[in-house]
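Numbering (my numbering), first residue to last: 1 to 410. The C-beta atom is built at its ideal place from N, Cα and C for all residues, glycine as well. Everything numeric in this text was worked out from a predicted model, so none of it was measured. All remarks here apply to the structure that follows.
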Ligand SMILES: Cc1cc2nc3c(=O)[nH]c(=O)nc-3n(C[C@H](O)[C@H](O)[C@H](O)COP(=O)(O)OP(=O)(O)OC[C@H]3O[C@@H](n4cnc5c(N)ncnc54)[C@H](O)[C@@H]3O)c2cc1C
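Laid out in structure tokens, this is it:
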């Protein structure tokens, strides 16, 4: 029995190990177009590899998997974040969970994950070929022919784990196979804004902001970072993930509304401002900056409201008060484009999940052909959820293939 896995990334390598352990007698070939396996894993988490999450702060999977949450719910019954944690610990990789619930190797070295996986692949006798770009997968009578530029491999089963493909659909390795694909577009990016007076405040972080795209349901909250081109940080990355397709359709143009006072209700914002005004009547507006906002940001917000910094707090009444509340709770900027976030960038879109059996990840129309990882229309926000999806899907696909191989052997 010969199984070909296309793509030696997180999902492909994890699947190769799981499969070879279940079926040591099967021949497993891993074809990688790059010069080394797990190249992306090596740079994850800024070189530290945020390999999973404790999920303790996750109220619903939809919150972290904007695409694929139903599938992940199902697959986690077979291989969850706890299984991933245990798996790596059993392989001798000590892990640490940060206060924000992200899980990293204790060594803080992504290369430890890369070395652990490649060492297991070699030890188990998986045949790994690098610089081997698969160009086509063709169904044939007894399985598939997997073609590279110089070779072709006859396979009984094939697992495609080629990762995200945010650029050209033509780069898809699945020529010869006809499956519905949801147009791949980027996710996890920061936003460029037409807002020079805001970007002058670059480097400032607002711990608890709420960001929305007015007129849509897309909203995210969390820390917001002001950059020299616009805004970034967890709140913006989440928003970019939730609204990845919408923003792509709009050409990364539109309006961003920032609520600088977090989730504090409108009435409480008003009350707090009135209290501050009553307590500091004679002070200048610039002298007191409420809601924990930094002085530099506060003066920017006063400017945007048209309030002079030297006004007294006692002057903050009527229209002026209402205008300031509006700036604090619905501060709108023009989005002029997107910027690649320095740490992470994933693909929204890929093989439509309807095409796959949600228990086995086998293509419904092509028995024997499996898909795992970012190549499918599954992606997550930051926090270790993307790699978790890759490990889970790789493992489940491998188990599903192993079950079939064992049945065939009997
Ligand atoms: C800079 C960066 C940092 C990140 N940090 C994190 C993080 O800390 N935590 C987290 O959870 N997620 C992170 N992610 C996302 C995460 O890395 C991916 O979601 C994950 O690697 C997807 O795994 P995969 O196996 O599906 O794809 P990949 O890991 O991308 O692997 C796919 C492999 O297939 C190969 N391939 C593609 N086409 C072919 C072909 N035709 N023939 C042969 N081989 C092919 C590719 O070369 C690649 O090696 C990060 C992403 C980036 C870009």
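- Here the distance from the Cβ of residue 16 to the nearest heavy atom of ligand 1 is not below 7 Å.
- Here the C-alpha atom of residue 88 lies approximately 28 Å from the C-alpha atom of residue 165.
- Residue 296 is not a Cβ neighbour of residue 369, given a cutoff of 8 Å.
- Residue environment for residue 81: buried (at least 16 other C-beta atoms within 10 angstroms of its C-beta).
- Runs of alpha helix (DSSP H) with 4 or more residues, each lying fully within the segment 281 to 369, are found at 295 to 305, 318 to 329, listed in chain order.
- Close CB contacts of residue 16 within its chain, under the 7 Å cut and outside five residues either way in sequence, are with 5, 28, 30, 121, 126 (chain order).
- Under the Cβ criterion (8 Å, minimum of three pairs), the segment 379 to 386 counts as touching the segment 61 to 69.
- Secondary structure note for residue 12: its alpha helix (DSSP H) is the uninterrupted segment 10 to 22.
- When rounded, the separation of the alpha-carbon atoms in residue 35 and residue 131 is 5 Å.
- Taking a C-beta distance under 8 Å as the contact criterion, residue 210 and residue 219 qualify as a contact pair.
- Cβ-Cβ distances below 6 Å link residue 124 to 20 in the same chain, with the five nearest sequence neighbours on each side left out; the list follows chain order.
- Residue side-chain check: residue 346 places its Cβ nearer than 7 Å to a non-hydrogen atom of ligand 1.
- Going by DSSP, residue 181 is part of the beta strand (DSSP E) stretching over 181 to 187.
- Judged by DSSP in its simplified three-state form, residue 35 adopts coil rather than helix or strand.
- When secondary structure is reduced to three states using DSSP, residue 241 falls in the helix class.
- Contact annotation: residue 14 and residue 243 have beta-carbon atoms that are not nearer than 8 Å.
- Approximately 17 Å separates the beta-carbon atoms of residue 255 and residue 328; this is outside 8 Å, ruling out the contact.
- For residue 53, the number of other beta carbons within 10 angstroms of its own is at least 16, and it is reported as buried.
- Bounds of the beta strand (DSSP E) holding residue 96 are 95 to 97.
- Our two residues, residue 162 and residue 71, have alpha carbons roughly 19 Å apart in a direct line.
- Residue environment analysis places residue 265 among the exposed positions, since fewer than 16 neighbouring C-beta atoms fall within 10 angstroms of its C-beta.
- Distance from the C-beta of residue 338 to the nearest heavy atom of ligand 1 is not below 7 Å.
- A residue is called buried when at least 16 other Cβ atoms come within 10 angstroms of its Cβ; residue 77 does not meet this threshold and is exposed.
- By DSSP's assignment, residue 194 forms a beta bridge with 334.
- Closest in alpha carbon position to residue 249, among 69, 337, 294, 310, is 337.
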